[in-house]
Amino acid sequence: TVIPTADIIYLKILIGGLRSTYLREHKKVQDSQRSGATDDIYVPRLWYYDRLHFLAGQTEPRPALSTLPSTLPSPPAEVSDTQPGPSRQQHVEEPRLSQGSLSQEVAGPSRLPDIQVPPLRLQRQSGRKRSNLKEAAIGLFWKATEALRTPHSVEEDFAGITAYKRMQMEEGQRLLCEFLILEALNKGLRGQITCATHICDLTHSPPPPPGPTPPPATSPTPEPQPRRKHGRKTRE
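Using this note's numbering, read the sequence shown as starting at 118 and increasing by one per residue.
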């Protein structure tokens with residue numbers, strides 16, 4: 118489809134629509150896989166589904182940045198001799214560090230003086246690298262909008278339709294189809310396609326390819342016969 122008025126805003130909307138459609142189909146596949154029945158696995162209807170697998174990681178949980186354990190050991194109990202009652206160890210709970218509160222525990226003063234929590238090392242991109250990525254993204258957007266505004270030729274449309282139908286076939290049918298397409302193209306290049314040319318199912322095995330032409334048959338050369346001796350007749 119050619120969009121003459123396509124711009125970066127339209128392209129972002131189009132990409133967002135493709136992303137939402139893929140994630141919706143991906144969720145259906147995951148739900149069918151959790152059911153456990155192999156016969157009920159959902160088959161996506163999008164022909165570009167396999168090309169957008171990189172979007173699946175945006176919805177699945179990523180591993181935590183920190184390798185710290187989820188809980189830290191409690192400090193040794195300090196029993197006071199002047200204050201009767203239960204020890205402090207019964208009232209001290211193990212602090213739990215979640216992903217949200219981890220940065221606050223690292224940034225603020227440590228409540229446990231005997232335990233040192235190593236700070237997180239976040240990878241920061243340099244200004245030059247961020248600038249290069251931004252320029253590359255803008256260039257990609259401009260190329261995509263230019264492709265949407267450029268009309269396709271008849272040959273490109275036919276190639277796209279052929280590739281789309283080929284992707285709907287199974288592996289065996291796809292290989293046979295490629296063989297027939299190439300055979301038809303080769304016949305066309307040799308000028309051998311006529312109105313009577315068509316695809317048919319053979320009920321018998323195809324004939325073998327023609328072999329080398331045998332030399333023409335020649336008559337055998339006659340063998341030379343020995344000469345006869347003529348005797349002289351004598352008169353009496």
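Just so it is clear, CB atoms sit at the ideal spot from N, CA and C, and this is done for glycine as well.
Touch test, the region 144 to 153 against the region 121 to 129, Cβ-Cβ under 8 Å, three pairs minimum: No: the two stretches stay apart, fewer than three of their Cβ pairs being nearer than 8 Å.
Collapsed DSSP secondary structure at residue 284 in the structure displayed: In the sequence shown, counting from the first residue as 1, residue 284 sits at position 167. Three-state DSSP puts residue 284 in a helix.
Sequence-distant residues of the same chain with beta carbon closer than 6 Å to residue 139, five excluded per side: To locate residue 139, count along the sequence shown from 1; it is residue 22. These residues qualify, in order along the chain: 169 and 172.
Proximity of residue 159 and residue 144 at Cβ, strictly below 7 Å: Reading the sequence shown from its first residue, position 42 is the one you call residue 159. Reading the sequence shown from its first residue, position 27 is the one you call residue 144. No, the pair does not count as a contact, with Cβ atoms beyond the cut-off.
Own chain, CB closer than 8 Å to residue 201, minus 5 neighbours either side, in chain order: Along the sequence shown, one-based indexing puts residue 201 at 84. Caution is warranted here: a pLDDT of 49 is assigned to residue 201, below 50, making its placement in the model unreliable, and the coordinate value is therefore given only provisionally. Sequence-distant Cβ neighbours of residue 201 in its own chain, meaning closer than 8 Å and more than five residues away, do not exist here.
First through last residue of the alpha helix (DSSP H) which encompasses residue 143: Here residue 143 refers to the residue found at position 26 of the sequence shown. In the DSSP assignment, residue 143 falls within the alpha helix (DSSP H) that extends over 125 to 151.
Distance CB(residue 261)-CB(residue 128) smaller than 7 Å: If you number the sequence shown from 1, residue 261 lands on position 144. If you number the sequence shown from 1, residue 128 lands on position 11. Yes; because the gap between Cβ atoms is below 7 Å, this pair is in contact.
Cα-Cα separation, residue 135 to residue 141: The count along the sequence shown starts at 1 and reaches residue 135 at position 18. The count along the sequence shown starts at 1 and reaches residue 141 at position 24. Near 10 Å, if we compare the C-alpha coordinates of residue 141 and residue 135.
Close beta carbons around residue 284, own chain, < 6 Å, minus the five adjacent residues each side: For the purposes of this step, residue 284 is taken as residue 167 along the sequence shown, with counting starting at 1. Counting only Cβ-Cβ distances below 6 Å, and skipping sequence neighbours, we find 164.
Sequence-distant residues of the same chain with beta carbon closer than 6 Å to residue 304, five excluded per side: One-based indexing of the sequence shown puts residue 304 at position 187. Take residue 304, set aside five residues on each side of it, and the residues of its chain with a beta-carbon closer than 6 Å to its own are 310, in chain order.
Residue 298 in three-state terms, based on DSSP: Numbered from 1 along the sequence shown, position 181 holds the residue referred to as residue 298. Looking at residue 298 - three-state DSSP - the assignment turns out to be helix.
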